[in-house]
Amino acid sequence: MVVKTIKLTSLFVNTENYRFEPLTSQKEAIDKMVENQGDKLYSLVDDIVINGLSPVDLIIVTPNEDNNKYIVLEGNRRITSLKLLNNPTLVDDNYISLRKKFQKLQKENPNAISELKNITCAVFENPTEADIWIKRKHSGELNGIGTVTWNAQQKQRFEEKTEGKSSIPLQIITLLKSQENVSDAIKDSLSKLNITNLQRLMSDPYVREHLGLGINNGTLVSKVEVSEVVKGLVKVVTDILNPEFKVSEIYNREKRKQYIDNFDTSQKPDLSNEALELWSVQDIVNNKEQVLVNSEHREIKKTNNKKIGNRVGLVPKTLTLHINNPKINKIFEELKQVQVKTCPNASSVLLRVFLELSVDAYLERYDLVKNNAITACSSNENLNGKVCKVLNHMNQLGTMSNDLSKGIRAEINDKNSVLSIESLNAYVHNEFFYPKADNLITGWDNIEKFFIQLWNSIDKE
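When the sequence shown is numbered by this note's numbering, its final residue is 854 and no position is left out of the sequence of numbers.
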């Protein structure tokens, strides 16, 4: 096997794709894929345009009888979607709406399309040599040899880590793990918890009400004392962890009502025992982390044996930007000094302000302000529009690579990203939307080069 870059036009969609019965031509193979996959092909290529092809899952090919051409053994959906993007007329007339989607995507992304005309492939001279790897991917776990899929809880943990969003079941698990009055046995068993059953219960307003819980913008909140809420949740997870527990016991609304009404008095939260203020799981976790941080700070001061790491703030202390605007420069310096671990809210709001002021400074320096307004701030253009305008301009000037530009666009447009415009606005305006320090740091690291190149461009102009 060798890794080789091959022109898209030299790759044939496999007419003997295992997804279908054998076909006789490229046209039939593409038509069959469109018939079978439909809009999934558009979703796939839209993702490829934004993120590129996966470097850890190469297209597998074998030489055709004509040695300048190759047959795709693995990755036929990806190659089909790319061929349709390059030539939307390949989409059959029975799927006009799908064809229009490809045409629109093609028109909007000429640079990305030109980059996707050459494909990195794993080339096997003998197709049977590739069979073992294709089987590993598509034939399940194979007693550990194949791909071992994540369960629902593992998937949600990945999303929490990478996208900064936490599901209701994960918030409950986090809350229980943070409480000293929850036994170690229960805490140790939470990784085995069937969160599908927990989600089914928590999606029911009656259940939430009787457990003293509410949901605000995806965040679990309560006005009842934490200990009372935990009491009911311990009962719930203990039941779900019981091997004899059946989903039929909570399958419909009537069953769920019956289940919650049958709690013993000792297991029911006292809803009259209200907390001093509305709280969320993140509040509880942050308060606990603050206690630990304060304890660590006292120990550091006492022993003088430890040093605070360089990454105290959201922005690394070593980063230097030539910012000639005193206020923006002061905000930049404060982002280095405010402790992101203990002050994630302040850090996120400062970041939102720093982003908009930086973008405004660029637009004003290059006379790109909308509606001939005197300042970018008075132009009434939203932040997303301003960021995209800056990216386009830097792209045209050649001061930013296509890869970086695509990465920034993906970051700010992904609603699940901690650095999407929607999230940044929520940090300021939504009282129940909490940023996580680690996710903020990762987000900054992803867009740091954008700020560097933006301010370098302003400094040179």
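All C-beta atoms in this analysis are idealised placements derived from N, C-alpha and C, irrespective of residue type, glycine included.
- Taking C-beta atoms under 8 Å as the contact rule, Ile441 and Ser403 fail to qualify, at a distance of about 18 Å.
- Inclusion of Ile724 and Phe747 in the CB contact set at 7 Å is warranted, their separation being smaller than that value.
- Beta bridge pairing from DSSP links Glu667 with Val617.
- Asn511: member of the beta strand (DSSP E) spanning Asn511 to Val516, first to last residue.
- Pairing Leu634 with Ser571 gives a Cβ-Cβ distance that is not under 7 Å.
- DSSP, read as helix, strand or coil, puts Thr631 in helix.
- Annotation: Asn444 to Ser659 spans about 52 Å, alpha carbon to alpha carbon.
- The shortest CA-to-CA distance from Leu451 to any of Met426, Pro481, Ile512 and Trp672 is the one to Ile512.
- Asp796 and Tyr755 have their C-alpha atoms spaced approximately 21 Å apart.
- Between Phe843 and Ile801, the C-beta gap is smaller than 7 Å, which places the two residues in contact.
- Per DSSP, the continuous alpha helix (DSSP H) segment holding Ile443 begins and ends at Asp432 to Asn444.
- Nearest Cα to Gly611 within the set Lys661, Thr398, Ser576 and Ser673: Ser673.
- Our two residues, His531 and Lys397, have alpha carbons roughly 23 Å apart in a direct line.
- Restricting attention to Val780, Val821, Asn788 and Trp837, the CA atom closest to the CA of Ala505 is found in Asn788.
- Taken in chain order, the complete beta strand (DSSP E) segments of 3 residues or longer contained in the segment 395 to 427 are 395 to 400.
- Beta-bridge partners of Asn609 (DSSP): Thr612.
- Residues Lys779, Val780 and Val783 of the same chain have their beta carbon placed closer than 6 Å to that of Val752, with the five preceding and five following residues left out of the count.
- Around the beta carbon of Val821, fewer than 16 other beta carbons sit within 10 angstroms, so the residue counts as exposed.
- Taken through DSSP and simplified to helix, strand or coil, Ile453 comes out as strand.
- DSSP places Leu466 in no alpha helix (DSSP H) but in the uninterrupted beta strand (DSSP E) bounded by Tyr463 to Glu467.
- Note that the segment 728 to 747 does not touch the segment 758 to 767; fewer than 3 beta-carbon pairs, one per stretch, sit closer than 8 Å.
- About 19 Å separates the beta carbons of Cys514 and Ile423, which is beyond the 8 Å limit, so they are not a contact pair.
- Listed in chain order, the non-local C-beta contacts of Val614 below 8 Å within the same chain comprise Leu606, Gly607, Ile608, Leu671, Trp672, Ser673 and Phe825, local neighbours out to five positions each way being set aside.
- For Arg745, the enclosing alpha helix (DSSP H) begins and ends at Pro737 to Arg758.
- Secondary structure at Ser673: strand, using DSSP grouped into helix, strand and coil.
- In the three-state DSSP reduction, Gly791 falls in the coil class, being neither helix nor strand.
- Per DSSP, reduced to three states, the secondary structure at Pro481 is helical.
- Here Leu790 is exposed. Its C-beta has fewer than 16 other C-beta atoms within 10 Å.
- Taking a C-beta distance under 7 Å as the contact criterion, Val395 and Val454 do not qualify as a contact pair.
- The alpha-carbon separation between Thr792 and Ile489 amounts to approximately 39 Å.
- Judged by DSSP in its simplified three-state form, Lys763 adopts helix.
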